[in-house]
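Please read the structure below before turning to the comments.
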Amino acid sequence: MLVADWIASGSASSRSKKSRTTSSSSSSSRTSRGSNPLAPPVRADLQPLPPRSLDAISEQVAQEIAYKTMNTADVIDDVKINVIMTFCKRNDIGFLQQVAESIEKSFFRDYLFVIATTGKPIDSETNYAILCSSSEDMVQRAKLLTTAKFMSRVDSAINNHRFCITAIKDVGFTSYDEQALWDVVRKSARMPIHPLDPPPGSRSIEQLLSDKRAKLQRITPEQAYKELQEPEVEEGNITGSLVIDRNVLEWRFDPRSSSKLSIVDRYDLRIIVFCQDGSSSSLAAYSLQELGMLNATDIIGGYSAWRDAGLPVDIPLRDHRSLLMLADAESNV
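In structure tokens, the structure reads:
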């Protein structure tokens with residue numbers, strides 16, 4: 001009897017534990033489902049999207065490039081302009097036509113765009129650029145300029161009244177290409193102006209000179225003299241300076257140039273440029289700074305100011321780091 005009671009008691013205890021476990025599991029399940037009441041129920045008939053073809057993907061990419069072209073454009077004379085470089089491995093012509101058609105369907109104001117494919121193509125020997133516009137005249141102007149800028153690299157052209165597809169070898173492989181295409185759209189989009197009126201954005205030589213001088217730390221003849229050795233006088237020149245033809249100045253003082261001077265082996269050279277009156281030397285010094293020669297400057301007033309200050313002109317240099325140079329178009333190296 002005692003054994004039976006113990007078995008019955010154990011059975012009842014087991015059922016009680018099982019009941020509690022089941023209840024706890026059910027409660028946990030309800031809690032789990034109730035923790036995200038906003039989650040939609042999973043539909044039993046939900047099917048995965050069908051696979052997309054390469055043509056459909058290409059069309060979508062063309063539309064995205066067209067959208068980017070239109071929405072990142074600059075404006076010149078109320079004409080939207082832009083240059084976009086993109087990669088395309090095969091069927092460049094068909095792809096660029098898709099881009100042009102997307103732009104034509106979506107854009108309702110004057111525009112001139114260039115979209116060029118870059119990278120090594122798979123199915124041709126050249127890359128392509130499409131010139132597309134709302135105006136046939138702008139397309140023709142852009143075509144002429146593109147042919148002139150890329151000359152021997154232009155293979156062929158496909159013309160339409162609103163676009164022209166030009167085959168250009170290795171377009172986009174150098175920084176020249178994109179800058180050249182930007183120059184094409186800027187010039188082609190401008191409205192014709194009277195030949196006696198200055199073009200918009202142009203500056204006089206005085207404005208240009210003032211802007212360049214603002215970026216220099218110009219020095220006086222006396223300051224230049226202090227950077228040099230004690231001199232002896234020789235009329236008409238400062239002996240010890242390097243006489244450089246202005247036409248080759250940048251090539252002689254660019255450390256990356258194959259025509260550089262032997263002393264141009266680093267970017268911290270102290271280069272003091274002077275000319276007769278201190279005008280062209282300012283432009284020359286600024287040009288050298290753009291090459292990375294940040295210690296280049298010029299003498300205020302040039303050689304005339306040096307002479308008027310009574311400074312001697314025969315100056316042996318301390319070393320090749322203090323360099324006095326005459327930038328004169330009539331001089332020789």
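Numbering-wise, the UniProt record's numbering puts 227 at position 227 of the sequence shown, and it's gapless, one number per residue. Using N, Cα and C, we set each Cβ at its ideal position, and we do this for glycine too. The structure displayed is predicted, hence computed values, not measured ones.
Exercise. Helix, strand or coil: how does DSSP classify residue 283 here?
Worked result: helix
For this session: Just grab the DSSP bridge partners of residue 164 for me.
Result: 131 and 159
Exercise. How is the alpha helix (DSSP H) around residue 147 delimited, first residue to last?
Worked result: Here the alpha helix (DSSP H) through residue 147 covers 136-150.
For this session: On a CA-only basis, which of 184, 197 and 109 is nearest residue 146? Give me that one, please.
Result: Residue 184 is the option with its Cα nearest to residue 146.
Exercise. For residue 207, which residues from the same chain have a beta carbon less than 6 Å from its beta carbon, with the 5 sequence-adjacent residues on both sides left out?
Worked result: In the same chain as residue 207, and ignoring 5 residues on each side of it, no C-beta atom comes closer than 6 Å to its own.
Exercise. Hey, quick one: how far does the beta strand (DSSP E) through residue 270 stretch, first residue to last?
Worked result: 270-274
For this session: Go through its chain and collect everything with a Cβ distance to residue 153's Cβ below 8 Å, but skip five positions before and after it.
Result: 168, 169, 170 and 171
For this session: Pull up the distance between the alpha-carbon of residue 142 and that of residue 59, whole angstroms please.
Result: 26 Å
Exercise. DSSP on residue 82, reduced to helix/strand/coil?
Worked result: strand
For this session: Report the residue from 198, 191, 119 and 101 whose alpha carbon sits nearest the alpha carbon of residue 161.
Result: 101
For this session: Name the two residues that bound the continuous alpha helix (DSSP H) containing residue 176.
Result: 175-189
Problem set entry | Host alpha helix (DSSP H) of residue 303 (start-end) | In the DSSP assignment, residue 303 falls within the unbroken alpha helix (DSSP H) covering 302-308.
Exercise. For residue 291, which of helix, strand or coil comes out of DSSP?
Worked result: coil
Exercise. With distances taken between CB atoms, is the gap from residue 79 to residue 189 smaller than 8 Å?
Worked result: yes
Exercise. Looking only at C-alpha atoms, which of 175, 86 and 105 sits nearest to residue 134?
Worked result: Per the C-alpha coordinates, the member of 175, 86 and 105 positioned closest to residue 134 is 105.
For this session: Would you check if there are 3 or more beta carbon pairs closer than 8 Å linking the region 106-114 to the region 79-91?
Result: yes
Exercise. Quick one: Cα of residue 338 to Cα of residue 227, how far?
Worked result: Any answer about residue 338 is impossible in this case: the structure gives the chain only from 1 up to 333.
For this session: Give me the Cα-Cα distance between residue 41 and residue 47, rounded to the nearest whole angstrom.
Result: 14 Å
For this session: If I'm right that residue 89 touches residue 121 with Cβ under 8 Å, what's the distance once you round it to whole angstroms?
Result: In this structure residue 89 touches residue 121 by the C-beta definition: roughly 6 Å separates them, less than 8 Å.
Exercise. For the candidate residues 269, 128 and 286, whose alpha-carbon lies nearest to that of residue 85?
Worked result: 128
Exercise. Who are the Cβ neighbours of residue 123 in its own chain at under 6 Å, not counting the five residues just before and after it?
Worked result: 90
Exercise. Apart from the five residues just before and just after residue 24, which ones in its own chain have a Cβ nearer than 6 Å to its Cβ?
Worked result: In this predicted model, residue 24 has a pLDDT of only 46, less than 50, meaning its place in the structure is not dependable enough to derive any value.
Exercise. Nearest to residue 284 by CA position, among 305, 303 and 297, is which residue?
Worked result: Across the set 305, 303 and 297, the C-alpha of 297 shows the shortest separation from the C-alpha of residue 284.
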